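Take a look at the structure below.
Numbering (full-length UniProt numbering), first residue to last: 1 to 61.
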């Protein structure tokens, strides 16, 4: 049981010390990229024409 506890503890420490900081840096790079810049929002937004309940009822008749 002590071996299992040590294995879980080491795995958790590895995640917190190594994996989490790497992922945080990756996400920071992604958020800072021009692809996700707020100046690009107007280029991404499009008009969406979702069907309304009336459209669905009319289609079923």
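Ideal Cβ placement from N, Cα and C applies to all residues, glycine included. This one's a predicted model, so the numbers in the text were calculated from it and none came from an experiment.
Judged by DSSP in its simplified three-state form, residue 1 adopts coil rather than helix or strand.
The three-state reading of DSSP puts residue 29 in helix, counting H, G and I together. If you look at residue 57, you'll find it in the alpha helix (DSSP H) that goes 53-60.
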